[in-house]
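Colleague: Numbered by our numbering, the letters in the sequence shown go through residues 288 to 384 in order. Each residue gets a CB set at the ideal place from its N, CA and C atoms; glycine is no exception.
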Amino acid sequence: MINWGIFGTGMIARALAVSIRDSEGSNLKAVASRSIEKAERFAEKYNCLAIEGYENLLNIDELDAIYVATPHDSHFDLALASIEAKKSVLCKKANDH
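#1: For the candidate residues Leu365, Asn314 and Ile347, whose alpha-carbon lies nearest to that of Asn334?
#2: Rounded to a whole number of angstroms, what is the C-alpha to C-alpha distance between Leu407 and His359?
#3: Nearest to Ala319 by alpha carbon, out of Asn290, Thr357, Asp309 and Ala302?
#4: Mapping the DSSP letters down to three states, classify Asn343 as helix, strand or coil.
#5: Assuming contact is defined by CB atoms lying nearer than 7 Å, are Lys317 and Leu345 in contact in what I supplied?
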């Protein structure tokens, strides 16, 4: 079972949450947003933890992988932080830094 965390709560994050829910080998553990209100609304809908601040998501030991679903200009830094936290990373757009 792969335990996922998602950075962001927008359209792409919602689509991924549905895919994770429908997958036998995946579990959505947590979502992080700069806004705790957005994270809580997302978490209630998709049955996961709500985390305020992207960096706080990386402190969850149970996470195996992170999906970066934030504005493109933040992808590199968030992907790098995830790798440094020893998490696998999936990011739809290329990381051009």
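Modeller: According to the structure data:
#1: Considering only alpha carbons, the answer is Asn314.
#2: Any property of residue 407 remains undetermined from this structure, which presents the chain solely from 288 to 384.
#3: Minimum Cα-Cα distance from Ala319 among the listed residues Asn290, Thr357, Asp309 and Ala302 corresponds to Thr357.
#4: Assigned with DSSP and collapsed to three states, Asn343 falls in helix.
#5: Contrary to the premise, residue 317 reads as Ala rather than Lys in this sequence. For the 7 Å CB-CB criterion, Ala317 and Leu345 do not form a contact.
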